[in-house]
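Student: Protein chains in written order, with this note's numbering: chain A, 1 to 281; chain B, 1001 to 1281.
2 protein chains.
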Amino acid sequence: MTERTDPIAVFDSGVGGLTVLHECLVSLPHEDFVYFGDTARFPYGDRTPEQLRSFALEIADHLVARGAKALVVACNSATSAALTELDTTYGRHLPVVTVVRPESRLAAQTTTNNQVGLLATSATVASGAYERALHEVAPDARLHAVACPALTPLIQEGREIDDHVVELVDEYCAPLKAEGVDTVILGCTHYPLVRPIIQRSLGRGIKLVSSGEAIAEDLSARLAAGGLANDDDRRGSYRFLCSGDTGAFAKLATRYHQLPLGQVDQVDVATAVRKPNGVAA
Amino acid sequence: MTERTDPIAVFDSGVGGLTVLHECLVSLPHEDFVYFGDTARFPYGDRTPEQLRSFALEIADHLVARGAKALVVACNSATSAALTELDTTYGRHLPVVTVVRPESRLAAQTTTNNQVGLLATSATVASGAYERALHEVAPDARLHAVACPALTPLIQEGREIDDHVVELVDEYCAPLKAEGVDTVILGCTHYPLVRPIIQRSLGRGIKLVSSGEAIAEDLSARLAAGGLANDDDRRGSYRFLCSGDTGAFAKLATRYHQLPLGQVDQVDVATAVRKPNGVAA
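(1) Run down chain B in chain order and give the residues with a C-beta less than 7 Å from the C-beta of A:HIS190.
(2) First and last residue of the beta strand (DSSP E) that includes B:TYR1035?
(3) Tell me the residue span of the alpha helix (DSSP H) that contains A:ASP218.
(4) Are three or more beta carbon pairs between the segment 1116-1123 of chain B and the segment 1144-1159 of chain B nearer than 8 Å?
(5) Taking the continuous beta strand (DSSP E) assigned at A:TYR238, which residues delimit it?
(6) Please list the terminal residues of the continuous alpha helix (DSSP H) segment that includes B:THR1111.
(7) I'd like to check one pair, A:GLY158 with A:LEU252: are the Cβ atoms closer than 8 Å?
(8) Where A:LEU261 and B:GLU1160 are concerned, what is the direct C-alpha to C-alpha distance, given to the nearest angstrom?
(9) Hey, how far is the Cα of B:PHE1033 from the Cα of A:LEU71?
(10) Are A:PRO95 and A:LEU223 closer than 8 Å when you measure CB to CB?
(11) Taking just the CA atoms, how far does B:PRO1192 sit from A:VAL15?
(12) On the CB-based measure, 16 or more other CB atoms within 10 Å of its CB, does B:ASN1113 come out buried or exposed?
(13) For A:LEU228, does the three-state DSSP call read helix, strand or coil?
(14) Going by the CB atoms, is the gap between A:LEU219 and A:CYS24 shorter than 8 Å?
(15) Can you pull the chain A residues whose beta carbon is under 7 Å from the beta carbon of B:GLN1263, in chain order?
(16) Indicate whether at least one CB of chain B lies closer than 8 Å to the CB of A:SER237.
(17) Per DSSP, what kind of secondary structure is A:ILE8 in: helix, strand or coil?
(18) Any beta carbon from chain A within less than 8 Å of B:LEU1119's own beta carbon?
(19) Mind listing the chain A neighbours of B:ALA1163? Cutoff is C-beta to C-beta under 9 Å, in chain order.
(20) Mind checking which residues open and close the beta strand (DSSP E) that includes B:HIS1144?
(21) Identify the contact partners of B:THR1254 in chain A, using a Cβ-Cβ distance below 9 Å as the criterion.
(22) Could you tell me the boundaries of the alpha helix (DSSP H) in which B:LEU1057 lies?
(23) A:ARG200 versus chain B: which residues are under 8 Å apart at the beta carbon?
(24) State the Cα-Cα distance for the pair B:SER1104 and B:SER1080, rounded to the nearest angstrom.
(25) Determine contact between the segment 30-47 of chain A and the segment 227-234 of chain A, defined as no fewer than three beta-carbon pairs at a distance below 8 Å.
(26) B:PHE1249: which of B:ARG1142, B:ALA1078, B:ARG1053, B:PHE1042 sits nearest, CA to CA?
(27) How is B:ASP1332 classed by DSSP in three states: helix, strand or coil?
(28) Secondary structure at A:LEU134, three-state DSSP: helix, strand or coil?
(29) Short check: CB of B:THR1110 to CB of B:VAL1264, under 8 Å?
(30) Please confirm whether B:ALA1074 and B:VAL1099 have their CB atoms less than 8 Å apart.
(31) At the 8 Å Cβ level, is A:HIS22 part of the contact set with chain B, yes or no?
(32) My output table needs one value for B:LYS994: the three-state DSSP class, helix, strand or coil.
(33) For B:VAL1169, decide whether its Cβ has a neighbour in chain A, counting only Cβ atoms nearer than 8 Å.
(34) Quick one: list the residues of chain A neighbouring B:PRO1196, beta-carbon separation under 9 Å, in chain order.
(35) Can you tell me which of the three DSSP states A:LEU259 falls into?
(36) According to DSSP, is A:LYS177 helix, strand or coil?
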């Protein structure tokens, strides 16, 4: 059974989900968080839908088995492939909050010319998840999707930002400018980490939409509705788990996370045994 | 004479002004910029008004002598002490855009209970510049100012963000929460670099106001009004100058600047000779 004093679990393929965790830590300072980065299997952007579903369920199993009162899927590739399975398996046990829908809703509220751009991984673009999500909230809007296969790995690498990143962003943004979009969805949680480069390439007139704050709001509302909010006079804690090297994760996360990092532990989620009903052993 | 193809000069005591430069680079991608950090004389927060006026005029002289079509003073301590002198000396030659007024205007537009908090250096708080600026735009608003002498040096040091920074921010924010402010001015351009810590300490219900985007807007309007805007189909350049060690500046700026850094050169502005009419030799 989930308890209101349990932590909230957040996961991503790497450090991109930190942009979501960040907004959650700011909006819900009284809650505890566990963040998992699947760095051993990064990148997710070129994985098949079957692989992504399997990874997402493995991770969710592990995090729920550790004790979690809510699950935040801060990875667009995983959400695009596994949204239905995550909802079916966990939705009746605890709040499952994902990306894709929040950004689509925000984009629908933001666009005035119904031309919406999307920058995302190949897996996310191929899934068609954003077309469906945008169509639900804005049937007249047209989505112009650009797959950016090289961008997420470059950010996750954590090298100094150089002219190569700028050229790459210019190349990915060019078709969106040509289509006359007035709103662009940052469809990978890594992209807000290079937001200024993207905004400089597109120009201030084009509005950027990302998921962090919308997810923090959704999460807060779901916790309140479920009677799962922790006492609001406490200061919550947070900790990090990753499937790859903890030193590399700590170094990268220290660069991108604008709060003290604290503990990072290694876990091998692939060894977690899934029962047929989908609840972890 | 200033030319519309000249760069825009931006200066600060250290790397805090990068938060302003950043917004200018995003809003005005077609303009060239020169950024100067007076790292040899950092910090400014405990300087006397006379020292700050002398530093600000020396730097402005140097930057204008190099060729600049506009001057952005991205340092609250320098602005608080030298606003009148900078305006008098340079205001008739080129647009001079400073902090303090833009944030005060934004704070006046943001507050609904007329209780506005200010976090700033000791020099800025002692100058009373924000009281005057806020009173001009919102005579009924009350300013609650907190001097944060340890915060700017900690950020400029560029160490890993640890629990000590969080405790310090909590300590500075406590009196503002006790006064029931609904809006807080980040009265030093270094503070947006730890914005998530400040927002987590204050809670999402309190709105933070900083100067970057407002300054970029002001600058854009002033250039347009003066016929000084560069062609908008070009991609502008930017470069960095500092009075201290260039390696230390490059390392710190690479951490905080989310765009490629490029060239950093050392200049000794204190050797620049000022003519009595205030225009550099």
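Yeah, the Cβ is synthetic: ideal placement off N, Cα and C, and Gly gets one too.
Tutor: The short version:
(1) Within 7 Å Cβ-Cβ: nothing; A:HIS190 doesn't reach chain B, min ~13 Å.
(2) 1033-1037
(3) 212-225
(4) yes
(5) 238-242
(6) Taken as a continuous stretch (DSSP letters only), B:THR1111 belongs to no alpha helix (DSSP H), as it is neither H nor E.
(7) yes
(8) 9 Å
(9) 45 Å
(10) yes
(11) 21 Å
(12) exposed
(13) coil
(14) yes
(15) Correct list: empty, because the minimum Cβ distance to chain A is about 12 Å.
(16) no
(17) strand
(18) no
(19) Rather than Ala, the amino acid found at residue 1163 of chain B in this sequence is Asp. Chain A residues near B:ASP1163: PRO260, GLY262.
(20) 1142-1147
(21) GLU160, ILE161
(22) 1049-1066
(23) LEU1025, VAL1026, PRO1029, LEU1259
(24) 13 Å
(25) yes
(26) B:PHE1042
(27) Outside the displayed range of chain B (1001 to 1281) lies residue 1332 of chain B, so it cannot be described from this structure.
(28) helix
(29) no
(30) yes
(31) yes
(32) No statement about residue 994 of chain B is possible, as the shown extent of chain B runs from 1001 to 1281 and does not include it.
(33) no
(34) HIS22, GLU23, LEU25, VAL26, HIS257, GLN258, LEU259
(35) coil
(36) helix
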